[in-house]
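Written below as structure tokens is the structure these notes are about.
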Amino acid sequence: MSNFVEVNQVDKTFDLSGGGSYIALKGIDLNIRRGEFISLIGHSGCGKSTLLNIIAGLDHASEGVVLVDDTPVTKPGPDRMVVFQNYSLLPWLTVRENIAMAVNKVLTGLPKAERNEIIEQHIDIVGLRAAADKKPGQLSGGMKQRVSIARAFAIKPKVLLLDEPFGALDALTRGGLQERLIQICEENQVTAVMVTHDIDEALLLSDRIVMLTNGPSSKIGQILDVDIPRPRKRLEVVEHPSYYSLRSEMIYFLNQQKRVKKLRSQKNTVVARHGLEKVNIQLGFVPLTACAPLAIAKEKGLFAKHGLDEVSLVRESSWRGIVDGISGGYIDAAQMPSGMPAWMTLGGNNDSPLPIVTALTMARNGNAITLKEEFYQQNVRTLDDFHKFIVDTPDKQHNFGMVHPSSMHNLLLRYWLAAGGIDPDKDVHLMTIPPAQMVVDLKAGTIDGYCVGEPWNYRAAKEGKGFTIASDLGIWNGHPGKVLGVREDWAAAYPNTHVALVKALLEACEYCADPQNVDEIRQLLSQREYLGMKAEYITLADPLNDNGVHDPHQEFAHPQFFGQGVNRPSRTEQLWIITQMARWGITPFPRNWVEVLERVCRMGTFSTASRELGIDVDYSRSQIELFDGVKFNTEDPIGYLNSLPIKRSISVAEVILDHAKV
Amino acid sequence: MARAVNNRYQPNLINRLLSNKKTRKVIAPIIAATFFLIIWQLLTLSPDANLPSPIKVIQQTWELIINPFFDKGANNKGLFWQIWASLQRVIQGFALAAIVGISVGIIVGTSEFLFDALDPIFQVLRTIPPLAWLPISLAAFQQSNPSAIFVIFITSVWPIIINTIAGVQQIPQDYVNVSKVLQLSRKEYFLEVVFPATVPYIFTGLRIGIGLSWLAIVAAEMLIGGVGIGFFIWDAWNAANVSQIIIALLYVGLVGLMLDKLIAFIATKVVPDEKK
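Protein chains in written order, with the numbering used here: chain V, 2 to 663; chain Y, 39 to 314.
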């Protein structure tokens, strides 16, 4: 479909009274199709109303052009009617006169009788027959906005522009009016652009939601497609499977904008002390059982012991927050899923390769695959049962949650499904959901299962909502789970700090692995600043003492924090990860994979840290073999890929990495 | 004991009227006026007082009070005619001021350039006392009646202009946006948006203006002569008839109040509810 409204490279600069200028909008590009409903959302002052006014012609772009139906916008006109936040009714005219004024001025080509008919018809559409002869002063806010909407619709604009139309109304009135507006919009197939603060309102009404970043120089941060079918009803929309993931996407975006704003206002100084280049470190983590080493290092003073006396832990609710924090430079280091350093290095994040290095594997295992309890009732016990179940129910779509494309959960879940003959892209549908959201989505029925780190598997089982069909022991015992990741340029700039960080965390890992400390760690993790849940949900079983009991409702993951060869970053494992990501088309397979592995795995930093702590480093390499018995050939990863039956088309490409700034 | 309680619950008529909000509005001023008259009477009891006592005022002007419509030619007319003559001048001058003031105000208010250019001039001119205009207008018109009307005009036009300008400048951006989006012509914009939106401000200006013109007419007529309440007062002063002055002042006050209330009443009929 052709573009009906085109916003091309629009900039808006305001001159300030002090003589400077303020760039409100920068490089806005937006194409709107005929009949599409678009919402503009963003924090106050992000320029969304300015953009709307530019489309309306009430304001002028400093650069760029807006085309409506191939005509450049130069001045306001009735083809782009605006519904203003404060209604903008003329108080000396009655409801009918207000609508009539617009109709009589705009639809001048029609005979009077026809115009009157349009006026009366629109009074009825918004249900204001009884108030038609009242003046705005006698109407409630909701009624006034209805008049304003009727006035706008009555003149049949090409584009309807709504500037926070329901912002000043109470929640109840707002709900009713939103419903009315979707109905009118759907019946009339209007093209509309709405500015709003209200996430739910945007989801209810829009086909696409355009999210603007914070000013100055606001730009389009992200555009969300709302794939909820029409006609929509307010109460039904919330039950659609996409609703909550779209909603959390928006909340994430808005929160991120808030944080970036806060960060901009902070001074980012580097504090050097104790012979370390930087002792003030923002260390990111996602609340999972595997974050135990970070919590212990902080609470037991291990960071301070190694000279890092200004470490603050930054809790992110999703891995995406970690990605944005590291690439945006406002998190120094983070606990990452083991595939994330390679994924970011290979350009998984917006196709812009950003070299990330890891010098420590903080946890192995700790993951499991959970299916919903109903499947257990239908006698799904093993992978083969599940395969059969899927083959038997071809008309049903099964949705699965995983936490991030680069996480071991995604790769293990896909590997597990594929090993059972289930194509993870064709036979089921995989969705990215933050860890803490999994159980909620399972309960809501939007997903049928997930692969995630503890405590979210055990918790679903404890709450009777799911069961563990496969744990880490049964897929790949000892697989890398979480690693420490920093940017390559950060590692180059602060080498001693990096070593100190690895030392502190390595000692914390050792502490976590001691069975005597299990209860203390569970208590610690249950606190608000970490997992914030009852300690009984948090489990730490020793994988070396497998007691042989594998009850799918009691099974939990077996995190491994310390031991022979546990903490060393492993190129073999990274190669397996890169190969798997290429298998599923997540990132291309790098022709220069030897260089990539060399740069991602910082063996030297790990060795130095271990030596200084007096810990022997185990350099032995072992073959990777998963539960299905297929051997991973480290000498010929491309041959291995080609031998796999279920895979996407694999692209092999040279990944050009910037040289680290030293 | 029982009797005392009884007494307390049987208030007399005055108390009962005063405890009712509506009747208090009428009764309280009457009490205050009576009180004031008594003091006045007491202060002017002595035979060699300079001013007459209230009773004496009424005795001496009884003819004027009971017979406001007599007309014995020239200046010798009843109080009604005197006031009517003054009112006619005020109506003419004020009507002129309203027409000129509102139009100038709307035009100047919509143009930033005109506002910047003219506002300082308005601010200087409006501080000139009404009577100071009289010699100029006499010089210009050579006749007393048009001069008096001009003084009324020039006195009341400034508050009307200034308030109208303020009103135009206060027009909510929303109304402007609506008219831009609907592409109203300049004429439609003035007549259908600017003027109605400015009406509340215009009426504020009109109320101030009518008050000032009534103030000015009395002073102007004292100097000009002829029929009119101003000259009537001056004439009484020359005749050393203080009682007539006092009764004329009372009438001037009452008419001024009525003019103010009249404009306020029209405003309630014209100004939209939301703006009041």
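Positions of the beta carbon are idealized from the N, C-alpha and C atoms, including for glycine.
Cβ of residue i within 7 Å of Cβ of residue j?
i, j, result
"V:R569", "V:I357", "no"
"V:G454", "V:A583", "no"
"V:N458", "V:A369", "yes"
"Y:R224", "Y:I187", "no"
"V:W670", "V:H430", "Because chain V spans 2 through 663 in this model, residue 670 of chain V falls outside it and cannot be assessed."
"Y:S281", "Y:Q98", "yes"
"V:M345", "V:L355", "yes"
"Y:S182", "Y:I262", "yes"
So for residue i, helix, strand or coil by DSSP?
i, result
"V:M432", "strand"
"Y:K218", "helix"
"V:D164", "strand"
"V:P481", "strand"
"V:K632", "strand"
"Y:L297", "helix"
"V:C47", "coil"
"V:Q438", "helix"
"V:I1", "Absent from the structure is residue 1 of chain V, since the part of chain V shown begins at 2 and ends at 663."
"V:Y451", "strand"
"Y:F160", "helix"
"Y:A278", "coil"
Can you tell me the Cα-Cα spacing of residue i and residue j, whole angstroms?
i, j, result
"V:Q522", "V:A293", "In the sequence under discussion, the amino acid at residue 522 of chain V is Ile, which differs from the Gln named in the question. Their Cα atoms are separated by approximately 7 Å."
"V:G20", "V:A305", "48 Å"
"V:V96", "V:P137", "7 Å"
"V:G58", "V:A103", "18 Å"
"V:I578", "V:G285", "22 Å"
"V:N546", "V:M251", "Residue placement at V:N546 is poorly supported in this model, since its pLDDT is 49, which falls under 50; the coordinates are not used for a value here."
"Y:T242", "V:Y88", "26 Å"
"V:G302", "V:W491", "23 Å"
"V:Y620", "V:Y253", "41 Å"
"V:R152", "V:M144", "12 Å"
"V:E530", "V:P456", "16 Å"
Could you check which residue in the options has the C-alpha nearest to that of residue i?
i, options, result
"V:F85", "V:E574, V:T447, V:F401 and V:T51", "V:T51"
"V:A273", "V:R248, V:L255 and V:G308", "V:G308"
"V:G367", "V:D71, V:L474 and V:T174", "V:L474"
"V:W585", "V:N634, V:V618, V:H388 and V:S652", "V:S652"
"V:A445", "V:V239, V:A364, V:M195 and V:R147", "V:V239"
"V:R365", "V:P481, V:R260, V:P456 and V:E464", "V:P481"
"Y:N113", "Y:V231, Y:I271 and Y:R164", "Y:I271"
"V:L206", "V:I120, V:S40 and V:N593", "V:S40"
"Y:E150", "Y:A204, Y:F132 and Y:L102", "Y:A204"
"V:R260", "V:E317, V:T580 and V:I282", "V:E317"
"Y:I144", "Y:Q181, Y:A286, Y:Y227 and Y:R127", "Y:Y227"
"V:L443", "V:V66, V:E374 and V:P112", "V:E374"
"V:V160", "V:D208, V:K135 and V:T192", "V:T192"
"V:D199", "V:L502, V:A437 and V:S45", "V:S45"
"V:N643", "V:F590, V:T346 and V:G630", "V:F590"
"V:L236", "V:R612, V:L204 and V:L225", "V:L204"
Would you please verify whether the beta carbon of residue i is less than 7 Å from any beta carbon of chain V?
i, result
"Y:Q221", "yes"
"Y:D154", "no"
"Y:V189", "no"
"Y:D212", "yes"
"Y:K307", "no"
"Y:V216", "yes"
"Y:P234", "yes"
"Y:E312", "Because Y:E312 sits at a pLDDT of 49, beneath the cut-off of 50, its placement in the model cannot be relied upon, and the following sentence gives the value as read from the coordinates. Yes, Y:E312 lies at the interface with chain V (some Cβ there is under 7 Å from its Cβ)."
"Y:L297", "no"
So, is the C-beta of residue i closer than 7 Å to a C-beta in chain Y?
i, result
"V:K113", "no"
"V:P87", "Inspection of the sequence shows that residue 87 of chain V is occupied by Asn rather than by Pro. So yes, V:N87 belongs to the interface."
"V:E83", "What sits at residue 83 of chain V in the sequence shown is Val, not Glu. Yes - at least one Cβ of chain Y is within 7 Å of the one on V:V83."
"V:A101", "no"
"V:G110", "no"
"V:P73", "no"
"V:P77", "yes"
"V:L52", "no"
Whose Cβ in chain B lies nearer than 8 Å to the Cβ of residue i?
i, result
"V:G48", "Looking at the structure shown, chain B is missing, and the protein chains on hand are V and Y."
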